[in-house]
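Take the position in the sequence shown, starting the count at 1, then add 7; the result is the number in our numbering.
A short worksheet on the structure shown next.
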Amino acid sequence: MGFIQDALSMFKKKDLLFLESYKETENVYTFLFEKDKTLSWKTGQYGLFTIIHKKIKNNTRPFSVASAPTENVVRITTTISAEPSDFKKALLELKPGMRIRIAGPVGSFSVTDNIPSLLIAGGIGITPFRAILKQIEAEGKGAVQPITLLYLDSNNSYIFKDELNEIANNHSVHVTYLGSRDDLHEEIDKFTSKYKNEGKYFIAGPKSMVESISSYLQKDNISKRNIKKDSFFGY
Ligand SMILES: Cc1cc2nc3c(=O)[nH]c(=O)nc-3n(C[C@H](O)[C@H](O)[C@H](O)COP(=O)(O)OP(=O)(O)OC[C@H]3O[C@@H](n4cnc5c(N)ncnc54)[C@H](O)[C@@H]3O)c2cc1C
8 MGFIQDALSM FKKKDLLFLE SYKETENVYT FLFEKDKTLS WKTGQYGLFT
58 IIHKKIKNNT RPFSVASAPT ENVVRITTTI SAEPSDFKKA LLELKPGMRI
108 RIAGPVGSFS VTDNIPSLLI AGGIGITPFR AILKQIEAEG KGAVQPITLL
158 YLDSNNSYIF KDELNEIANN HSVHVTYLGS RDDLHEEIDK FTSKYKNEGK
208 YFIAGPKSMV ESISSYLQKD NISKRNIKKD SFFGY
């Protein structure tokens, strides 16, 4: 069912109006687009974004939608290095009034708040979790079961930190910022020893990081079916 729905969604392409962009940190940028009235998505999903204002090779990239539907705007947040791809260069050239094409959004990286959940973000992998936590905040009731976010960034450069802290202050969400794998493993161990396979585990970030954390959890006897992965291919 999910697969068929996703396949159908991919045919629904829309051109979204670019609103603005800004720097989050030295090499991370956010881009905001107007939410088309007919566009809907679930938190944790990603869209396929295509550059249409100029011709470039490899003009499409998947990006998690980093905003909750209740925010009424489509947000993508991405790293842009000193020597970016043509796609990222084209993103930086966007001016208000220009458009980008979106197919989808699709995917099933969704958190249900009635099961204790451990969310593990590696660097830019925070994007789907921002949307998920913003939605919980907007619903205003807090999570029924505890949600713990472990946010790993080896440069200690945490985007969305103020927003995440605000959500953590007001809801049953706990956020821990971590700078090393050892510290991350220690925090994972605390959660797994308490909730074991009663909990659900969500990992998002560069593919290699997602795979190694998934193996770590499985070595700790966490069943594969309790681990959901959002692998950012391309890093
Ligand atoms: C489901 C899904 C969701 C995704 N969501 C997001 C998202 O929300 N935000 C996001 O930024 N990306 C996301 N990605 C990855 C995104 O689609 C691109 O692949 C990624 O941003 C790289 O973009 P680029 O190819 O334009 O290269 P650039 O970012 O311009 O990089 C140029 C080159 O440098 C390499 N490179 C750049 N940074 C690194 C790094 N940190 N480590 C190793 N190599 C590097 C790249 O491999 C590339 O070859 C997602 C991918 C998937 C599959």
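For glycine and all other residues, C-beta sits at the position ideal for the given N, C-alpha and C.
What you are looking at is a predicted structure, and each value in this text was computed from that prediction instead of being measured.
Taking the alpha-carbon positions, what's the residue i to residue j distance?
| i | j | result |
| --- | --- | --- |
| Ser179 | Phe198 | 15 Å |
| Ile234 | Lys61 | 40 Å |
| Asn65 | Thr119 | 35 Å |
| Gly54 | Val72 | 7 Å |
| Ala128 | Met105 | 31 Å |
| Lys42 | Val81 | 6 Å |
| Ser222 | Ser88 | 29 Å |
| Ile139 | Thr50 | 5 Å |
| Asn172 | Val182 | 7 Å |
| Thr57 | Phe239 | 17 Å |
| Pro76 | Glu146 | 11 Å |
| Pro153 | Thr37 | 29 Å |
| Leu101 | Gly111 | 21 Å |
| Phe209 | Ile229 | 12 Å |
Taking buried to mean at least 16 other C-beta atoms within 10 Å of its own C-beta, is residue i buried or exposed?
| i | result |
| --- | --- |
| Asp196 | exposed |
| Gln12 | exposed |
| Glu29 | The amino acid occupying residue 29 in the given sequence is Tyr; Glu does not appear at that position. By the neighbour-count rule (16 or more Cβ atoms within 10 Å), Tyr29 is not buried but exposed. |
| Asp124 | This sequence places Ser at residue 124; Asp is not what is there. With 16 or more other Cβ atoms within 10 Å, it is buried. |
| Asp160 | buried |
| Ser219 | exposed |
| Arg137 | buried |
| Pro103 | exposed |
| Thr155 | buried |
| Phe116 | buried |
| Val151 | exposed |
| Asp22 | exposed |
| Gly241 | exposed |
| Asp2 | In this structure the chain extends from 8 to 242, so residue 2 is not present and cannot be described. |
| Arg68 | buried |
| Ser16 | buried |
Here's a check: name, in chain order, each residue in its chain whose Cβ is nearer than 7 Å to the Cβ of residue i, leaving out the five neighbours to either side.
| i | result |
| --- | --- |
| Ile166 | Glu31, Thr32, Val35, Thr84 and Ile133 |
| Glu194 | Leu157, Thr183 and Leu185 |
Can you list, in chain order, the residues of its chain whose CB lies under 6 Å from that of residue i, leaving out five sequence neighbours each side?
| i | result |
| --- | --- |
| Ile63 | Asp93 and Ala97 |
| Asn163 | Gly186 |
So, is the C-beta of residue i closer than 7 Å to a C-beta in chain C?
| i | result |
| --- | --- |
| Thr84 | Absence of chain C from the displayed structure is noted, only one protein chain being present. |
Please indicate yes or no: does the CB of residue i lie closer than 6 Å to some heavy atom of ligand 3?
| i | result |
| --- | --- |
| Gly241 | Among the ligands modelled here, namely ligand 1, ligand 3 does not occur. |
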